[in-house]
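Participant:
Chains as they are written, first to last, in our numbering: chain H, 1 to 305; chain B, 1001 to 1305.
#1: How many angstroms separate the CA atom of residue 1270 (chain B) from the CA atom of residue 152 (chain H)?
#2: Kindly identify the DSSP beta-bridge partner or partners of residue 1007 (chain B).
#3: Which term fits residue 6 (chain H), buried or exposed, when burial requires 16 or more other beta carbons within 10 angstroms of its beta carbon?
#4: Roughly how many angstroms separate the alpha carbons of residue 81 (chain H) and residue 192 (chain H), rounded to a whole number?
#5: According to DSSP, residue 1165 (chain B) sits in a beta bridge with which residue or residues?
#6: Leaving aside the five residues before and after residue 1217 (chain B) along the sequence, list all residues of the same chain whose C-beta is less than 6 Å from its C-beta, in chain order.
#7: Measure the Cβ-Cβ separation of residue 1215 (chain B) and residue 1183 (chain B) and say whether it is below 9 Å.
#8: With DSSP as the reference, label residue 299 (chain H) as helix, strand or coil.
#9: Mind checking if residue 1256 (chain B) is an interface residue toward chain H, Cβ cutoff 9 Å exclusive?
#10: Can you grab the Cα-Cα spacing for the pair residue 14 (chain H) / residue 226 (chain H), in whole Å?
#11: Taking only the alpha-carbon atoms, compute the straight-line gap between residue 1051 (chain B) and residue 1279 (chain B) and give it to the nearest angstrom.
#12: Do residue 197 (chain H) and residue 221 (chain H) have their C-beta atoms closer together than 9 Å?
#13: Find the nearest neighbour of residue 1254 (chain B) within the set B:1034, B:1212, B:1229 and B:1004, judged by alpha-carbon distance.
#14: Check the Cβ-Cβ distances between residue 237 (chain H) and every residue of chain B, and say whether any is below 9 Å.
#15: Applying the criterion that 16 or more other CB atoms from any shown protein chain within 10 Å of the CB defines a buried residue, is residue 1142 (chain B) buried or exposed?
#16: Identify each residue in the region 106-123 of chain H for which the Cβ-Cβ distance to at least one residue of chain B is less than 9 Å, and report them in chain order.
#17: Specify whether the region 150-168 of chain H and the region 124-135 of chain H touch according to this definition: at least 3 beta carbon pairs, one from each stretch, less than 8 Å apart.
#18: Quick one: give me the first and last residue of the alpha helix (DSSP H) that residue 72 (chain H) is part of.
#19: Any beta-carbon of chain B closer than 9 Å to the one on residue 17 (chain H)?
#20: Using a C-beta cutoff of 9 Å, does residue 243 (chain H) count as contacting chain B?
#21: Based on the DSSP secondary-structure assignment, which residues constitute the bridge partners of residue 1215 (chain B)?
#22: Nearest chain B C-beta to residue 199 (chain H) closer than 9 Å, yes or no?
#23: Give a yes or no on whether the minimum CB-CB distance between residue 263 (chain H) and chain B is below 9 Å.
#24: Would you list the residues sitting across from residue 84 (chain H) in a DSSP beta bridge?
#25: Identify each residue in the region 1263-1297 of chain B for which the Cβ-Cβ distance to at least one residue of chain H is less than 8 Å, and report them in chain order.
What follows is the structure, given as structure tokens:
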């Protein structure tokens, strides 16, 4: 790689704030993909990008706008020999914050109070001193959530590719054992063939009846029918979902009518939150690209994220 | 004061966990108030306690169960020459946590999503990097809230008896100027003659239209009619109230029907949360009393808290 200003195509649309981010990173904007060395691509239209790449031999790097790349991994594009970077890690503050907001809302019974038009009997639990299982604890979001949880003196159980362990003692745990100990279970893992459907009837059965589930990762990590059953029967106390399967969750779906389920419409990282964070990532990666330095958020094609 | 085990009356009821706390603190339980040196008193029945105290010349110290003592201050009992301690500071973690839960819920639009039965358009704001005015920042709850807010990189404006200042620069601010800068205003102050009705039409007018108000202190710090007006007209964005005036908030009150108002029924510190925290405080204060050491939570009769 050279120190010259890289020629960058932005797609599928040249949004002004993306253009500014590229210029801030000393990139030169090009309209013709055949002249591009790098592509900044937002959205999920991988077919259109694949068509461009077929005619763009000089493109050695593609920056995607999303942090979760399961849909891209399924396309097979990551195996094309180019460097692909996602925005993983760039949205950790936004999503980690939302995970904490949902956790506190469930423990403090806020959905129930929000729906009431009268002074209900007191209820709610403290987050302080509880045990929190963070699945995906090695990722940016998991790390950020753990940082935000630190002042609450919680016991963290960390789950990642290397298995699950008690963050305090280092002792390894099976998923079943971790689920049995956790007061709060937060799903912050990438969606892969290993995590798809990870939460089914057996996992809900292993959880405490007082435990709550928070999913800010991907809906398909959870078997939705099994979750409905677990919430309806009281096998777990409550769930808060920023992601669902199917997504968007259709009107009339049973999850909407469960009092112990809070659904937010994938707002952990809204477009307004996303833009400044992604702009910073693009600018930083362009500078690194020009300098031949390691890029942030490089996708491991074998893992799919 | 002597090192002997103090003779303690518990009232109005001898709840088992209170008895355990007194015994843990090496207190000797007595049934007859005329034999007592100290009284541990829960609840708000100050007339009944006044009657006991009239016949209890040896009682030099009264431990109350509440952190907020505005109702007791109004009774005049604090001026009786005895040492009065409240539970101020003992519930800081519970109440500070609830204040953060309410703040995040408002910024993340959780009340709106909780009430929906369909996938709404995305909305919500991050707490990160916002400006938070904490009124009552010198108290235990204010201090704890500021600690919990620290990982969010917020700008704190601190308000106490000495006035308001920017916590970063130390620069003094008028209330009006602070309200104009704050994205989030948290009321964590004691209810006194100075703070009663502190928030009225002028204060809501001084706030940003995007700002949110959180009250976990006492309802009467806020002029409720003015708040209804400010929420209804969009003068402020939203409010979350754990305390109200009147309290309990009666069915049919306009606050119940405002979409941008979340009311929790004084659950920042539920009885279940309160018990272990108060027990620790009682035990600690009994040891200090026996040793002649300064007690925790001593009420300043002139201030009323």
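Think of the CB as a built atom: it goes at the ideal place given N, C-alpha and C, for glycine as much as any other residue. Since the structure is predicted, the reported quantities are computational estimates derived from the model, not experimental observations.
Facilitator: Judging by the given coordinates:
#1: 18 Å
#2: Bridge partners of residue 1007 (chain B): B:1028.
#3: buried
#4: 21 Å
#5: B:1158 and B:1172
#6: 1187, 1188 and 1189
#7: Result no, Cβ atoms of residue 1215 (chain B) and residue 1183 (chain B) do not sit closer than 9 Å.
#8: The answer is coil: DSSP assigns residue 299 (chain H) none of H, G, I, E or B.
#9: Residue 1256 (chain B) has a beta carbon lying within less than 9 Å of a beta carbon in chain H.
#10: Roughly 42 Å separates the two Cα atoms.
#11: 25 Å
#12: Contact flag set, yes.
#13: B:1229
#14: no
#15: buried
#16: Those would be 107, 108, 109, 110, 111, 112, 113, 114, 115, 116, 117, 118, 119, 120, 121, 122 and 123, in chain order.
#17: yes
#18: 70-75
#19: no
#20: Proximity of residue 243 (chain H) to chain B, defined by a Cβ-Cβ separation below 9 Å, is not satisfied.
#21: B:1187 and B:1241
#22: no
#23: yes
#24: H:62
#25: 1263, 1264, 1265, 1266, 1267, 1270, 1271, 1272 and 1273
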